[in-house]
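Report on the structure given below.
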Amino acid sequence: MIRQKGSVQNFFEDFHVGQVFDCPTPRVLSDADRVAYIQHTGDRTPRFCNAQGLVHPLIVFHTVLGQTVRQISLNAKANLGYAEMRWRTPVHVGDEIHTTARIVGLKENSNRETGIVYVKTAGLNQQGEIVLEFFRWVMVKKYREDATPYLHEPIVPALAPSVAADQLVVHPPDPFDAHVTGGRFFFEDYSIGERIFHLDGMTVNASDHMSFARLYQNSAMVHFDALLTNGRPLVYGGFPLSIGYAQTFNGIENRIGIAAVNAGTHANPVFQGDVLFTFTDVLEKAEISPALAALRLRMIVVKNVEPSAAEPFDIKKKDTNTLKEQYNERVVLDLDYWELIARKDRG
Amino acid sequence: MIRQKGSVQNFFEDFHVGQVFDCPTPRVLSDADRVAYIQHTGDRTPRFCNAQGLVHPLIVFHTVLGQTVRQISLNAKANLGYAEMRWRTPVHVGDEIHTTARIVGLKENSNRETGIVYVKTAGLNQQGEIVLEFFRWVMVKKYREDATPYLHEPIVPALAPSVAADQLVVHPPDPFDAHVTGGRFFFEDYSIGERIFHLDGMTVNASDHMSFARLYQNSAMVHFDALLTNGRPLVYGGFPLSIGYAQTFNGIENRIGIAAVNAGTHANPVFQGDVLFTFTDVLEKAEISPALAALRLRMIVVKNVEPSAAEPFDIKKKDTNTLKEQYNERVVLDLDYWELIARKDRG
Amino acid sequence: MIRQKGSVQNFFEDFHVGQVFDCPTPRVLSDADRVAYIQHTGDRTPRFCNAQGLVHPLIVFHTVLGQTVRQISLNAKANLGYAEMRWRTPVHVGDEIHTTARIVGLKENSNRETGIVYVKTAGLNQQGEIVLEFFRWVMVKKYREDATPYLHEPIVPALAPSVAADQLVVHPPDPFDAHVTGGRFFFEDYSIGERIFHLDGMTVNASDHMSFARLYQNSAMVHFDALLTNGRPLVYGGFPLSIGYAQTFNGIENRIGIAAVNAGTHANPVFQGDVLFTFTDVLEKAEISPALAALRLRMIVVKNVEPSAAEPFDIKKKDTNTLKEQYNERVVLDLDYWELIARKDRG
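As they're listed, the protein sequences go chains A, B and C. So for the first sequence, the numbering used here puts the first residue at 1; every next one is plus one. So for the second sequence, the numbering used here puts the first residue at 348; every next one is plus one. So for the third sequence, the numbering used here puts the first residue at 695; every next one is plus one.
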């Protein structure tokens, strides 16, 4: 709505259902993206470090999400959720990623200041194959708070509560060598209901999170502008996601890579100086092939406390006033996802 | 003049007109340089992000300038100006850059503590083609403040006030696709005299600016040594230049790349914690080909205030004591340059 | 000994002599690793910046050491020393590095809280050739401080005090061009006993040292976890080593690359905010071929003081109470190594 050349941007009123955006800027992913990802996260998942040139699924996610920011979420007040996220085609070094975003739902909030925008996002490679697709919904500011609502009825897409295990896209993995992962646990060793506390705490430095967001050309101003944020730029929510995923390597070393996200919530904000820790609950198990299987996992990233088996940790708590369940103020990310993992007897 | 092995360095007295330096260290530019540049600046100019392997002109600039520091400007007190800067040959991933610097002018200052060194710098690729050339002049310390001036007459080169539009080197650009830039403005949409305020503020973190300077092997001590600088290392002037250029993408999305610099002034220093904003004045317009044109732009990078159309911002102010015009203390960079940009009707 | 999945880790009691570890995670080294190294250190050694694709020996060192951390030194209290370190095969862009670690000695400390683990480490390329090998010994915590010592007799390997010059592995260097190094000193110009003070101080920022450690997938918690370390994460000892080596370029510009480490001591810890300076003592000289020679050098990296020829600097001091010699509290690294260097008359 703002039409000066240097500050063109979309507010809630600018979207309509069916609208499709060709997102800037197409980006080639290279060896350098693999190394930059390791530098920022310390991730050690073997398939994304060796000479095969496979690009980490979370690099693809950050690239695609970053490409949508300029048009979709520059005026987002909150990133509310994800659904039906699937990595469909592996990305290799040299592939060029281009993203489209389609508006699939709109719902004005009762406060008349914001609305919820539902977006179906697809990242494509240079052959036009979809490499990643997902729904997300974000709360976006209206341009004029007092504007008459133009939407008489909300349009909300029907979204699956989870991706079925048989919808996971499994590509013939490279010959898997458990001797070089450092891990002794395979699919068969995990039990539904088990909670895994991962070693490692990671301090978030200002430069780490800003350079991570710039790397994926995410231009949301709140991540960078200390004037706008009273000296506390908000950490891009994808940063604790990748830090958490890197931390979960200790205990899930024989993983093949994240294949789908069923649901995700950025529960509380992260700021410079926070220290992140992660634990994982095993939700579901699914056999896929003689060599391969999938674990449905719930990854919880927390800040400034190291959860351990010794002390109970409540992911959600009942608010003493409202009696509503809400996230523990230490939780920053609650991610429900499918992880591919090697089986003990690999065919 | 200091001749201990580990601290050999040039002072004003060490230069003479006609002297030519082969600058260390030749450097290959790779995909990793493209990614590192994005990581530090967030630049989204499409041509330098896609699979074509073109290297951003400002990467070439920082590489070439960095190579001259060890011999030319290690004892610089100030980087005074640039002139006649032209990118002459595109640089691709895999090219190796080597720099020569020729002393073309010398002028001792009346305080007898410093002098001005005029340098013609050329960056060359592995075929010996000039990829970038420019004049700059720097104020360099003398080794002995009380030394008798050895220069009876200053030698100052004649420099053009600007690069003529017909001297811009235009290479057949890749097929330009405005659908993926996110921009709706073309050459025809800009008016001389127009001021564009660009979205985005960028906070400068200590690690960001130091790793940027190290990346280009700029070894000027003031950028890194907190003891030497009373805890406030000076940010390399190329960093706000690249941050500003990245910020100007919002509003000039259909640009092809910077082609020449007419003049540049580092008006005030930048330190860790400063937040940078940018606006652009349109100075001149020039048609080049049916598909392509050039805008002469004045990019102003400021710190710790977000200029907007709502409030007048004076780039320069009259000092109340001296009555001389001087830069607003918020201005850090004043850059007069030629930008290539797509035409609406591209042939 | 801790057997929850996410915190499996080795303590002193977990090691036995003869045990061999296949270390996670094999890693391909690319152009991006060359650039990331330059970004973190500012290193300007010509051979590792040009188009030949050679990987800096210290990148290889950090990669190999980082790979051993998960199994060997996660519970290290101190990294005590190195011996017989030799780079045996040059590493090129595209090589994949895999590391094995063999326990060659064990010695419980008299306090019964820790023990010393001696490890022979070898980094191999994809052909199985050893690219780097070294001994190191680390002080590792016991799982139970009060446990009965299970080692009746310490086993300590016999280690050479230095690598003999004729054991240095010299590969035909690329045609050496002293015109592009910026250096005027060759092998013949250095004298045994000479001390070289190198220009440059480098401030250590939190993000710099953490991203350097993550880059090499070094997962020791003390480098990252501000809760564990009372807000002062310990800088990975390899960071001042690489900063120091980059600083020694001023004065040793015609070097070919580090070829062996005779001994190394991390004398005092480094924390965020420290400023590092380096000086070098020339210990020994050895001719190798008509074009090439070796200097045995002692590199001393210090913090928060800039040593100079003007003031004497004692590397070690006698403690006034114990009368024992110990490191000056400013010294962070004492490295005795062999550097290959060009001869003035290169055959």
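Note that CB positions come from ideal geometry on N, CA and C, so glycine has one too. Treat the numbers as computed from the prediction; the structure is a model and nothing was measured.
- Task: Express the C-alpha separation of Arg949(C) and Met202(A) in angstroms, rounding to a whole number.
- Result: Straight across, the Cα-Cα distance linking Met202(A) with Arg949(C) is about 37 Å.
- Query: Sorted by chain position, which residues of the same chain lie with C-beta nearer than 8 Å to Ile192(A)'s C-beta, five sequence neighbours on each side aside?
  - Reply: Within its own chain, the residues whose Cβ lies closer than 8 Å to the Cβ of Ile192(A), once the five positions on either side in sequence are excluded, are Val282, Leu283, Glu284 and Lys285, listed in chain order.
- Query: Interface residues of chain B around Val206(A) at Cβ under 9 Å?
  - Reply: Sequence inspection shows Ala at residue 206(A); the Val mentioned does not correspond to that position. Those are Thr550, Asn552, Ala553, Ser554 and Asp555, listed as they occur along chain B.
- Query: Any contact of the stretch 476 to 490 of chain B with the stretch 417 to 436 of chain B, i.e. 3+ C-beta pairs under 8 Å?
  - Reply: Proximity of the stretch 476 to 490 of chain B to the stretch 417 to 436 of chain B meets the contact definition, three or more beta-carbon pairs being nearer than 8 Å.
- Item | Contact belief for Asp695(B) with Val551(B) at Cβ below 8 Å, rounded distance in angstroms | Summary: the structure shown does not reach residue 695(B), with chain B confined to residues 348 through 694, and so no result is reported for it.
- Message: As a quick exercise: from Ser211(A), Gly231(A) and Ala246(A), pick the residue whose alpha carbon is nearest that of Asn912(C).
- Response: If we check each option's Cα against that of Asn912(C), Ala246(A) comes out closest.
- Message: Just to confirm the assignment, what range does the alpha helix (DSSP H) spanning Phe187(A) have?
- Response: Premise fails: Phe187(A) is in no alpha helix (DSSP H) and is neither H nor E.
- Message: I'd like the span of the beta strand (DSSP E) that includes Val955(C), first residue to last.
- Response: Residues Arg949 to His960.
- Task: May I have a chain-ordered list of the beta strand (DSSP E) segments no shorter than 3 residues that lie completely inside the stretch 437 to 471 of chain B?
- Result: As far as the stretch 437 to 471 of chain B is concerned, its whole beta strand (DSSP E) runs of at least 3 residues are 443 to 455 and 461 to 471.
- Cβ of Ala816(C) within 8 Å of any chain A Cβ: By this cut-off, Ala816(C) is not an interface position.
- Query: Should Met1(A) go down as buried or exposed, given a rule of 16 or more other Cβ atoms within 10 Å for buried?
  - Reply: Interpretation of Met1(A) is limited by its pLDDT of 43, a score under 50 that renders its predicted location unreliable; the figure taken from the coordinates is listed afterwards. If you draw a 10 Å sphere on the C-beta of Met1(A), you find fewer than 16 other C-beta atoms in it, and that means exposed.
- Query: Are the C-beta of Met348(B) and some C-beta of chain A separated by less than 8 Å?
  - Reply: Low confidence applies here, because Met348(B) scores a pLDDT of 42, under 50, leaving its location unreliable and the question unanswered by this model.
- Query: At which residues does the beta strand (DSSP E) containing Ile130(A) begin and terminate?
  - Reply: DSSP places Ile130(A) inside the beta strand (DSSP E), whose first and last residues are Ile130 to Lys141.
- Item | Cutoff 8 Å: Thr436(B) Cβ touching any chain A Cβ | Chain A, which has no Cβ nearer than 8 Å to the Cβ of Thr436(B), makes this no.
- With distances taken between CB atoms, is the gap from Val825(C) to Val857(C) smaller than 8 Å? Contact: no.
- Determine the extent of the alpha helix (DSSP H) in which Gly712(C) is found, giving its start and end residues. DSSP places Gly712(C) in no alpha helix (DSSP H); its state is neither H nor E.
- Under 7 Å by beta carbon: chain A residues contacting Arg391(B): Residues of chain A passing the Cβ test: Pro24, Thr25 and Gln217.
- Task: Please list, in chain order, all residues of the same chain as Leu682(B) whose beta carbon is under 6 Å from its beta carbon, the five residues on each side excluded.
- Result: Excluding sequence positions up to five before and after Leu682(B), its CB lies within less than 6 Å of the CB of Gly611 and Met646, all in the same chain and listed in chain order.
- Consider the Cβ of Val15(A): report whether some Cβ of chain B lies at a distance smaller than 8 Å. Going by the sequence as given, residue 15(A) is Phe instead of Val. It does not; no Cβ of chain B falls within 8 Å.
- Can you tell me whether DSSP reads Ser211(A) as helix, strand or coil? If DSSP states are grouped into helix, strand and coil, Ser211(A) belongs with the helices.
- Task: Could you tell me whether the stretch 86 to 100 of chain A touches the stretch 111 to 128 of chain A, where touching means 3 or more Cβ pairs closer than 8 Å?
- Result: The stretch 86 to 100 of chain A makes contact with the stretch 111 to 128 of chain A: 3 or more CB pairs, one atom from each, lie closer than 8 Å.
- Item | Cβ neighbours of Ile732(C) in the same chain (closer than 6 Å, five flanking residues each side left out) | In its chain, beyond the 5 residues on either side, no residue has a beta carbon closer than 6 Å to the beta carbon of Ile732(C).
- Task: Using three-state DSSP, classify Glu981(C) as helix, strand or coil.
- Result: Secondary structure at Glu981(C): strand, using DSSP grouped into helix, strand and coil.
- Task: Under 8 Å Cβ to Cβ from Glu676(B), same chain only, skipping five residues before and after it: list those, please.
- Result: Contacts found: Asn615.
- Query: What separation, rounded to the nearest whole angstrom, lies between the Cα atoms of Ser636(B) and Gln67(A)?
  - Reply: Near 31 Å, if we compare the C-alpha coordinates of Gln67(A) and Ser636(B).
- Three-state secondary structure assigned by DSSP to Asp968(C): Assignment of Asp968(C) by DSSP, reduced to helix, strand and coil, places it in the coil class.
- Rounded to a whole number of angstroms, what is the C-alpha to C-alpha distance between Thr625(B) and Ser655(B)? Roughly 10 Å separates the two Cα atoms.
- Query: Taking Cβ positions, are Thr974(C) and Ile890(C) nearer each other than 8 Å?
  - Reply: Result yes, Cβ atoms of Thr974(C) and Ile890(C) sit closer than 8 Å.
- Query: Are any of the Cβ atoms in chain C nearer than 8 Å to that of Ala573(B)?
  - Reply: Cβ-Cβ to chain C under 8 Å: yes for Ala573(B).
- Message: Could you compute how far the alpha carbon of Leu333(A) sits from the alpha carbon of Gln326(A)?
- Response: The alpha-carbon atoms of Leu333(A) and Gln326(A) are separated by roughly 13 Å.
- Does the Cβ of His710(C) have 16 or more other Cβ atoms within 10 Å, making it buried, or fewer, making it exposed? Classification for His710(C): exposed.
- For His892(C) versus Thr942(C), is the C-beta spacing smaller than 8 Å? Going by C-beta atoms, His892(C) is nearer than 8 Å to Thr942(C).
- Query: Looking only at its own chain, which residues have a Cβ that is under 7 Å from the Cβ of Asn944(C), when we skip the five neighbours before and after it?
  - Reply: Beyond the five residues adjoining it in sequence on each side, Asn944(C) comes within less than 7 Å, by CB distance, of His892, Leu893 and Asp894 in the same chain, given in chain order.
- Item | Contacts that Pro963(C) makes with chain A (C-beta to C-beta distance below 7 Å) | Going along chain A, no residue has its Cβ under 7 Å from Pro963(C), so there is no contact; the nearest lies around 17 Å.
- Item | Leu853(C) to Ile797(C) span [Cα, whole Å] | Straight across, the Cα-Cα distance linking Leu853(C) with Ile797(C) is about 14 Å.
- Task: Output yes if chain B places a C-beta closer than 8 Å to the C-beta of Lys141(A); else output no.
- Result: No, its Cβ sits nowhere closer than 8 Å to a Cβ of chain B.
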